[in-house]
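Top line first, the protein sequences correspond to chains A and B.
The opening residue of the first sequence carries number 37 in this note's numbering; numbering runs sequentially from there.
The opening residue of the second sequence carries number 37 in this note's numbering; numbering runs sequentially from there.
No residue lacks a Cβ here, since even glycine has one placed at the ideal position from N, Cα and C.
Have a look at the structure below before the remarks.
There are 2 protein chains.
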Amino acid sequence: MKIAIDAFGGDNSPDEVIKGAALAVEEYGVEIFLVGDKQLLKSRFDTLSVSGRNVEIIHADGIIGVEDNPTDIRKAKAGCSMGMTLKLVSQGVANAAVSAGSTAALVVGGTMVVGRLKGVKRPALATIMPSTNGFYMLLDVGANLECRAEMLLQFAVMGSVYMEKIMNIKNPRVGLLNVGTEDKKGRELELKALSLLSEAPVNFIGNIEGRDPILARCDVVVTDGFTGNVYLKVVEGMGSFMKVGFKTIFTTNIAAKIGYLLSKKGLKKFADSIDYKEVGGTPLLGCNGAVFKAHGSSDAHAFKNAIRQAREFVKRDVLREIEKNLKELGSL
Amino acid sequence: MKIAIDAFGGDNSPDEVIKGAALAVEEYGVEIFLVGDKQLLKSRFDTLSVSGRNVEIIHADGIIGVEDNPTDIRKAKAGCSMGMTLKLVSQGVANAAVSAGSTAALVVGGTMVVGRLKGVKRPALATIMPSTNGFYMLLDVGANLECRAEMLLQFAVMGSVYMEKIMNIKNPRVGLLNVGTEDKKGRELELKALSLLSEAPVNFIGNIEGRDPILARCDVVVTDGFTGNVYLKVVEGMGSFMKVGFKTIFTTNIAAKIGYLLSKKGLKKFADSIDYKEVGGTPLLGCNGAVFKAHGSSDAHAFKNAIRQAREFVKRDVLREIEKNLKELGSL
């Protein structure tokens with residue numbers, strides 16, 4: 037399997053990308069196309085003395101940043117590291133693309149360069165989030181700030197396939213994010229989506245509230261990209277809040293410091309469990325190819341995990357399964 | 037000062053309401069109108085053997101539940117415990133109203149029975165939330181699922197007054213909840229609101245993301261009621277997640293159990309700090325009177341806190357201050 041990586045995406049590029057790619061080759065036996073300025077990448081490989089085994093450097097000019105117009109990925113910046121990474125997938129040279137670069141550009145590039153799966157209205161960014169008893173998928177987290185009910189319906193189908201195929205959850209429970217569980221709750225969008233989802237070939241459990249997925253009450257949460265993005269960042273903020281709290285708790289006095297030493301292992305494990313970087317990349321579901329967004333602050337470990345997820349995505353043929361399930365939807 | 041309390045709102049009514057009212061009389065020297073079925077309340081007072089000092093029972097027939105049509109508070113259910121509580125304020129008999137009953141009914145009742153402050157487009161539910169360094173106000177958390185930019189502008193003004201007057205924060209920093217900090221981010225609503233807020237007589241710091249308020253980067257967060265409600269419940273869910281996590285961490289083995297005993301005090305303090313019930317009630321800002329929503333699961337302590345907040349609201353003349361500041365807005 038061949039995976040294309042944007043070497044110049046994210047806060048820690050290219051060094052952590054390089055290290056993550058090398059780790060992935062080692063652990064998962066994948067082949068990597070590392071995309072970006074060839075000369076610079078070669079020199080970083082030497083400096084870091086990382087093995088280049090099964091890593092091929094593909095040259096690209098420049099990068100697309102968050103300050104750039106995301107649509108530039110189609111023309112003015114088509115040759116940048118992210119643009120070339122996506123092109124390798126659209127040309128069938130690579131099986132998957134991973135980038136920690138500008139989310140907006142990746143959404144445009146995924147949709148326009150790689151293209152949409154047949155019948156997909158809009159691809160969605162779909163994040164795996166930690167719950168008290170495992171994981172759930174939240175989508176959309178920002179590809180489409182405003183959505184139509186038909187889009188939420190497709191998100192439900194795509195998310196269900198992903199959770200079943202990649203996260204091994206049988207018959208995943210789909211919830212519609214709302215301000216209450218009663219059927220009449222919500223905006224026009226939720227009212228319409230509820231009616232569509234009730235008829236859909238997914239395990240729809242109805243309206244859910246913001247706390248429910250966290251308490252492991254559903255496996256796939258569908259919402260518009262504005263709400264999903266806020267949700268995601270509140271979870272992130274609460275994770276940081278907890279870390280700050282731990283620091284205060286366990287440094288107040290000697291007793292608490294000893295207390296920390298005695299419970300350190302469990303605390304570390306818990307802090308990791310709420311750190312969603314651990315899970316890896318965020319797929320842009322609905323593209324006609326495997327496109328993964330890695331977190332902007334990804335380190336080598338996170339890049340490795342994103343590559344692992346992309347590999348599973350290809351291996352388990354998630355695309356064909358999504359296509360099949362969306363077709364079923366069409367005949368409703 | 038006279039505060040009217042809906043004795044039949046919330047999961048723990050009327051017993052915890054009665055106890056909370058008695059505590060408030062004791063601690064804050066307020067007078068309470070306890071509104072609901074007179075006979076039942078009298079018998080509960082006897083059974084609980086709670087002092088009835090400075091508590092006057094006002095009879096009301098029935099209650100309005102979450103399953104009822106919220107607009108019934110205006111006519112069919114005008115005489116219920118919540119309806120009568122609000123009427124006491126609109127008639128000038130009580131200075132403030134507190135209820136833990138149906139949020140939707142309280143929003144309708146606050147807006148229609150108590151009425152709006154002059155110039156207010158729509159009242160907003162405004163919750164005080166815990167941050168790593170104190171508190172911030174989030175509004176709207178559900179009174180208006182869809183908002184216009186002008187409403188967010190008024191929310192900013194009302195929230196600023198509240199934080200300054202009640203929470204003693206000088207020149208509170210106002211943030212517009214968005215999916216990124218750049219000016220061009222967001223939906224039509226955020227783009228318009230950004231431009232209005234930039235000209236407003238508040239300390240506007242621009243767009244903020246979901247994690248920022250939690251990390252104490254602003255004091256007032258304005259957003260539409262759908263997004264705000266999801267935000268609130270995600271925070272709640274993450275609080276529960278932490279409690280579940282603590283339980284797991286500190287019961288894994290003997291060492292961790294001892295660790296817990298040594299750091300118990302700090303852990304308890306932290307758990308309380310993220311439990312936003314502690315802060316008390318949620319004002320419905322923009323009504324022509326002090327209207328507070330207590331959390332549905334409030335216990336006596338939470339009711340007491342909500343009453344304290346309502347008392348401060350009246351004492352510091354927040355209504356007149358809001359009116360004054362909204363007038364300034366009008367001349368922009």
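Residues sharing a beta bridge with residue i, DSSP
i	result
threonine 163 of chain A	A/Leu174
histidine 95 of chain A	A/Gly72
lysine 329 of chain A	A/Ser135, A/Thr318
glycine 119 of chain B	DSSP lists no partner for glycine 119 of chain B.
leucine 212 of chain B	B/Asn243, B/Val258
lysine 113 of chain B	Beta-bridge pairing links lysine 113 of chain B to no other residue.
glutamate 67 of chain B	B/Lys38
cysteine 183 of chain A	Paired residues: none, contrary to the question.
arginine 152 of chain A	A/Cys323
Reference residue i; option with closest CA among the options
i	options	result
glycine 275 of chain B	A/Gly246, A/Asp47, A/Lys300	A/Gly246
valine 369 of chain B	B/Cys116, B/Leu153, B/Ala179	Nothing about residue 369 of chain B can be reported from this structure: the residues present for chain B run from 37 to 368 only.
leucine 212 of chain A	A/Thr284, A/Ile202, A/Ala236, A/Tyr198	A/Ala236
leucine 142 of chain B	B/Gln127, B/Lys157, B/Thr121	B/Thr121
valine 270 of chain B	A/Lys300, A/Leu174, A/Gly332	A/Leu174
leucine 76 of chain A	A/Gly195, A/Met37, A/Ile93	A/Ile93
valine 238 of chain A	A/Tyr267, A/Met199, A/Leu227	A/Met199
isoleucine 39 of chain A	A/Thr107, A/Val156, A/Arg344	A/Arg344
valine 177 of chain B	B/Val350, B/Lys329, B/Arg356, B/Phe282	B/Lys329
threonine 5 of chain A	B/Thr263, B/Ile202, B/Thr259	Because chain A in this structure spans residues 37 to 368, residue 5 of chain A falls outside the shown range and cannot be described.
isoleucine 164 of chain A	A/Leu298, A/Asn204, A/Leu297	A/Asn204
valine 125 of chain B	B/Pro106, B/Arg152, B/Ala112, B/Lys113	B/Arg152
phenylalanine 306 of chain B	B/Ala292, B/Phe282, B/Gly317	B/Phe282
glutamate 348 of chain B	B/Gly46, B/Gly316, B/Asn324	B/Gly316
isoleucine 358 of chain B	B/Glu62, B/Asn324, B/Arg110, B/Ala58	B/Asn324
alanine 140 of chain A	A/Asn289, A/Phe69, A/Pro166, A/Gly332	A/Gly332
asparagine 169 of chain A	A/Asp248, A/Lys201, A/Leu188	A/Asp248
methionine 194 of chain A	A/Ala112, A/Val257, A/Gly295, A/Ile241	A/Val257
valine 86 of chain B	B/Ile241, B/Ala57, B/Ser231, B/Gly101	B/Ala57
tyrosine 64 of chain A	A/Asp51, A/Val91, A/Val71, A/Glu52	A/Val91
glutamate 364 of chain B	B/Ile310, B/Gly155, B/Thr318	B/Gly155
valine 71 of chain B	B/Ser167, B/Ser49, B/Val61	B/Ser49
serine 309 of chain A	A/Leu230, A/Phe171, A/Val61	A/Phe171
Within chain B, partners of residue i - CB distance below 7 angstroms
i	result
isoleucine 294 of chain A	Leu298
asparagine 265 of chain A	Val215
valine 280 of chain A	Thr168
lysine 269 of chain A	Glu245, Gly246, Arg247
Under 7 angstroms by beta carbon: chain A residues contacting residue i
i	result
alanine 326 of chain B	Near alanine 326 of chain B there are no residues of chain A at all, since even the closest Cβ is about 24 angstroms away, more than 7 angstroms.
leucine 303 of chain B	Ile285
threonine 107 of chain B	Going along chain A, no residue has its Cβ under 7 angstroms from threonine 107 of chain B, so there is no contact; the nearest lies around 13 angstroms.
threonine 288 of chain B	Gly302
Buried/exposed call for residue i, threshold 16 Cβ in 10 Å
i	result
leucine 161 of chain B	buried
leucine 225 of chain B	buried
asparagine 207 of chain B	exposed
serine 196 of chain B	buried
aspartate 42 of chain A	buried
glycine 46 of chain B	buried
isoleucine 68 of chain A	buried
glutamine 190 of chain B	buried
asparagine 105 of chain B	exposed
leucine 188 of chain B	buried
serine 334 of chain B	buried
lysine 351 of chain B	exposed
asparagine 361 of chain B	buried
isoleucine 54 of chain A	buried
arginine 356 of chain A	exposed
Residues that residue i contacts on chain B, provided the C-beta gap is smaller than 9 angstroms
i	result
leucine 251 of chain A	Gly273, Ser276, Phe277, Val280
glutamate 182 of chain A	Arg223, Glu224
Residue i beta carbon near the ligand NAP (any heavy atom closer than 7 angstroms)
i	result
lysine 329 of chain B	You won't find the ligand NAP in this model; it holds no ligand whatsoever.
Where residue i meets chain B, residues with beta-carbon distance less than 8 angstroms
i	result
phenylalanine 262 of chain A	Val215, Gly222, Arg223, Thr263
alanine 291 of chain A	Leu298, Ser299
glycine 145 of chain A	Within 8 angstroms Cβ-Cβ: nothing; glycine 145 of chain A doesn't reach chain B, min ~18 angstroms.
glycine 178 of chain A	Val215
9 angstroms Cβ cut-off: residues of chain A touching residue i
i	result
phenylalanine 306 of chain B	Met278, Gly281, Phe282, Thr284, Ile285
Item to check | Inter-stretch contact at 8 angstroms, needing at least 3 Cβ pairs: the segment 86-98 of chain A / the segment 115-123 of chain A | outcome: Enough Cβ pairs lie closer than 8 angstroms, so yes.
Item to check | the segment 214-223 of chain B / the segment 181-201 of chain B touching (three or more Cβ pairs under 8 angstroms) | outcome: They do not touch, by the three-pair rule.
Checklist entry - Is there contact here, the segment 274-288 of chain B with the segment 251-260 of chain B, by at least three beta-carbon pairs under 8 angstroms? => result Counting C-beta pairs with one atom in each stretch, the segment 274-288 of chain B and the segment 251-260 of chain B have fewer than three that are closer than 8 angstroms, which means they do not touch.
Item to check | Stretch-stretch touch, CB-based, cutoff 8 angstroms, three pairs: the segment 325-345 of chain B with the segment 297-305 of chain B | outcome: No contact exists between the segment 325-345 of chain B and the segment 297-305 of chain B.
Checklist entry - Between the segment 121-139 of chain A and the segment 81-92 of chain A, do three or more beta carbon pairs fall short of 8 angstroms? => result The answer is no - the segment 81-92 of chain A does not touch the segment 121-139 of chain A, with fewer than three Cβ pairs under 8 angstroms.
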